[in-house]
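One structure is given here, and the rest of the page talks about it.
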Amino acid sequence: MSKDEAAPVSAAESLRLIEAQRDAAVRSLSPDPRLIYWPWGLAWLIGFGLLFLRHGPHERVRVNMPNELPLATLFALMIIAFLVSGVAGARANRQISGDSSLRGLRYGLSWLAGFAGNAVICAHFSNLLPPPEVGLLWSATSVGLVGVLYLAGSATWQSRDLFVLGIWLTISNIAGVLAGPGWHSLVISVAGGGGLLVAGFVVWLRWRHHP
Amino acid sequence: MTAPVPELDPVIHAQARLRVVAALSVLREGDQMAFPRLQELLGLTGGNLSVHLRKLEDAEYIVVTKTHHGRTPTTLLCLSRRGRLAFDEYTAALRALLDPAGSEETP
Chain L
1 MSKDEAAPVS AAESLRLIEA QRDAAVRSLS PDPRLIYWPW GLAWLIGFGL
51 LFLRHGPHER VRVNMPNELP LATLFALMII AFLVSGVAGA RANRQISGDS
101 SLRGLRYGLS WLAGFAGNAV ICAHFSNLLP PPEVGLLWSA TSVGLVGVLY
151 LAGSATWQSR DLFVLGIWLT ISNIAGVLAG PGWHSLVISV AGGGGLLVAG
201 FVVWLRWRHH P
Chain Y
212 MTAPVPELDP VIHAQARLRV VAALSVLREG DQMAFPRLQE LLGLTGGNLS
262 VHLRKLEDAE YIVVTKTHHG RTPTTLLCLS RRGRLAFDEY TAALRALLDP
312 AGSEETP
């Protein structure tokens, strides 16, 4: 009788075998949360941080740097975050087919549809507002959309973590808008970017010790 | 005094098949895993895995779907309803073996 065909020696060993195999499968089938959350958290922390320093409240310049540098940095870091999290997600889902793929596709398209519509609306109103308000319009509607999409994701994937994160980003965004242009960047940098970093750490702890 | 030993499902009660079923039990309902991914996850040779999958398929514990991804033939695998039930019953039987008193209290 080969080793494969052999039964585990004891019931306890059998249970351990089951748990070890399920752990390995869960860790393989879901991406490392650090690769999903941290690149976005860093992009927001640094990008919005630079926006606050260059385009602060009442158009105050705290740190002198080229006018377009903060936004260029934010977009560059977001492209990197998109690539890193996208590759990690695709690796976890490779050779898996079925309902999850369709769910993931529709969720991805929701982001595309949301941001396409949002860009058209913001562009339309941008000429009518003074520059600080234009910046607030774009970032507040974008962050608001991210919060709502996380909430929708929490319903799609039955994820409590995403729900908490969605609520947190929505509240931070509202607080930032009420505080006004410039302050919004600071709130999103610290609470938004920081929130994403903390969320990545918390979810990673659980992922690593999957029961 | 000997505790009554619950009968363990012989189809699953072999290390390799137990690992196959445990790995597939993690898939979300409605999802399937391709053969090479399962092979990679378990670290078994293709031939060995095929033998065990055949036995699980004969017992109707897994659903095997042969399809084409472009021009490459692909084999997709998932637990059947029956297989999931057998796995749940098997783990419950193990727990009962380890703690006969505790298992009587839990419904």
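If you read the sequences in order, they're chains L and Y. Quick note: the first sequence, position 118, residue 118 per the numbering used here, numbers continuous. Quick note: the second sequence, position 100, residue 311 per the numbering used here, numbers continuous. Using N, Cα and C, we set each Cβ at its ideal position, and we do this for glycine too. Note that this is a predicted model, so its numbers are computed, not measured.
Check                                                                                                                                                          : Outcome
Give the DSSP-derived three-state secondary structure of L128(L) in the structure shown.                                                                       : coil
Would you mind reading off the limits of the alpha helix (DSSP H) that contains A179(L)?                                                                       : R160 to A179
Whole angstroms is fine: what's the gap from G200(L)'s alpha carbon to V87(L)'s?                                                                               : 17 Å
Going by DSSP, what residues sit across from G98(L) in a beta bridge?                                                                                          : D242(Y)
Is A6(L) close to chain Y, meaning its C-beta is less than 8 Å from at least one C-beta of that chain?                                                         : yes
Would you kindly check if the distance between the Cβ of G194(L) and the Cβ of P132(L) is under 8 Å?                                                           : no
Under 8 Å between C-beta atoms, does G258(Y) make it to chain L?                                                                                               : no
Kindly list, in the order they appear in chain Y, the residues whose Cβ is closer than 7 Å to that of L17(L).                                                  : Q226, L229 and R230
Apart from the five residues on each side of it in sequence, which residues of its chain come closer than 7 Å, Cβ to Cβ, to H263(Y)?                           : A227, R228 and V231
Report the option in A12(L), E5(L), A81(L) and E13(L) whose CA atom is closest to the CA atom of P221(Y).                                                      : E5(L)
Closest to A76(L) by CA distance: which of P39(L), L178(L) and V187(L) is it?                                                                                  : P39(L)
Take G254(Y) and list the residues in its own chain whose beta-carbon comes closer than 8 Å to its own, dropping the five residues that flank it on each side. : none
Can you have a look at P70(L) and say buried or exposed, based on whether 16 or more other CB atoms are within 10 angstroms of its CB?                         : buried
Taking 8 Å as the cut-off, decide whether the C-beta atoms of G176(L) and H55(L) are in contact.                                                               : no
Would R248(Y) be called buried (16 or more neighbouring beta carbons within 10 Å of its own) or exposed?                                                       : buried
I want to see whether chain L comes within less than 8 Å of L287(Y), judged by CB atoms only; does it?                                                         : yes
Tell me whether D299(Y) is buried or exposed, calling it buried when 16 or more other Cβ atoms sit within 10 Å of its Cβ.                                      : exposed
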